[in-house]
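Step one of this worksheet: look at the structure below.
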Amino acid sequence: MFWVLLLLLAWAVAGTACIRLCLAAVRAAAVDTDDAGRGHDLTLYEAAFLSGGPARVADVTLVSMARQRRLLLAHTGWATVVDPRGRDEMERSVIGAIGPEGQSRIAPVRAAAATADAVRGLADRLVSAGLAVPDGERTTVAAGVRRVRAAALAVLALGASALLLPGPTGMPRDLVALWFALPLALTLSCLAIARVEIHPYSRWASPAGQRLLGALARRANGTGDDRTYLASVAVRGIRAIGEPDLRAAFAHRDQPWRD
């Protein structure tokens, strides 16, 4: 009856992982209230952060400045300052990241702008408003999902070990497999629920932030005035960029420069 001990271990592993994920999800959802975000009109930077995090904020800033001809983004992946006067903190962060020479590759500019104080301040304001998930909660939920995945693999391994035990087990092997299928079903169900209920907001936006993003996304179709265009980039990322040369500039941002 050694297989019973393995079954108990499988239940302990699966139950612990699922409970910890549920608790993490509850803490992450606690930032959502009925009043959070009510009457709040997302700025482009806020929408960018809630959709794609700090890197998306840097991308929107670069695209905005390029469309205003205050920054030149070459298809070779270089950024050149045309107007050195930033109109807000984000733009000043980008200009500062480019450096005093006024020219730099896009990849380091994007990385430096994404970690600037202006982006951290934006994140703090969104968390305080209940629109963004605190960084610690994002990490906790993600770790919980990884633990449940590991638990599912552990249950499979324990079940296989039980079936491979030599000698009689006192119970038909198909029935033993059925018993181990129960904790496996628990972990898989927990992962499925997490995918539907947690995944949409566990990375950056809280449920309230997701509601505001949904309303903005319905208006941002990539056409119309400049704000609508930039809103589309904020929500969907650089794939929403319409200009081929500008899109090519971002396509080179993660490639090593060759002299």
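To convert, note that position 21 of the sequence shown is 15 in my numbering; the numbers rise steadily by one, no gaps.
Glycine is no exception: its CB is placed at the ideal position from the N, C-alpha and C atoms.
Being a predicted model, the structure only gives us computed values, none of them experimental.
Name the DSSP beta bridge partners of residue i, please?
i	result
R99	W72
A126	A199
Following the continuous alpha helix (DSSP H) through residue i, name the residue where it begins and the one where it ends.
i	result
L56	P48 to R61
D220	D220 to R230
I92	E83 to I92
V113	D111 to S122
A242	P238 to A245
When you compare each of the options to residue i by their alpha carbons, which one comes out closest?
i	options	result
R140	R205, Q204 and A8	A8
V(-2)	R241, P48, A136 and L172	L172
T109	R50, G203 and D82	R50
A73	A11, A18, V54 and S98	S98
L256	V170, L147, A211 and S226	Nothing can be reported for residue 256, as the shown portion of the chain is limited to -5 through 253.
A19	T37, R64, A136 and T55	A136
W198	G138, G124, T10 and V227	G124
F43	G90, V190 and P128	P128
L65	A242, L207 and I92	I92
C16	H69, A126, Q62 and R189	R189
G90	A234, P160 and A52	A52
D35	L206, A234, L147 and L224	L206
R119	A228, T37 and R61	T37
R221	A186, A6, L0 and R61	R61
F(-4)	Y223, M165 and R63	M165
A144	D82, G115, F174 and L185	L185
T55	I232, G236 and S200	I232
F174	G71, A146 and I187	A146
F244	L159, Y39 and G71	G71
L1	D82, V227, R212 and L159	L159
A242	I100, G115, S155 and R167	I100
G115	R167, R212 and Y39	Y39
If I follow the unbroken beta strand (DSSP E) through residue i, where does it start and stop?
i	result
L66	L65 to L67
If contacts are defined as beta-carbon pairs under 8 Å, then residue i and residue j qualify, I think. What distance do you get, rounded to the angstrom?
i	j	result
A4	P177	5 Å
V57	L240	7 Å
C12	V142	6 Å
A68	L210	No, A68 and L210 are not in contact; Cβ-Cβ is about 30 Å, not under 8 Å.
A117	G203	Wrong, their Cβ atoms sit about 12 Å apart, outside the cutoff.
G138	R14	5 Å
I235	V229	With 8 Å as the limit, I235 and V229 do not qualify as a contact, their Cβ atoms being about 13 Å apart.
For residue i, decide whether its Cβ has a neighbour in chain B, counting only Cβ atoms nearer than 7 Å.
i	result
V20	Annotation note: the requested chain B is absent from the structure, which comprises a single protein chain.
Legend entry - Contact the segment 176 to 184 vs the segment 99 to 109: 3+ CB pairs below 8 Å: no
Inset, instruction - For the segment 80 to 92 and the segment 142 to 159, state whether three or more C-beta atom pairs, one from each stretch, are separated by less than 8 Å. - result: no
Inset, instruction - Report yes or no: do the segment 36 to 51 and the segment 65 to 78 share at least 3 C-beta pairs separated by less than 8 Å? - result: no
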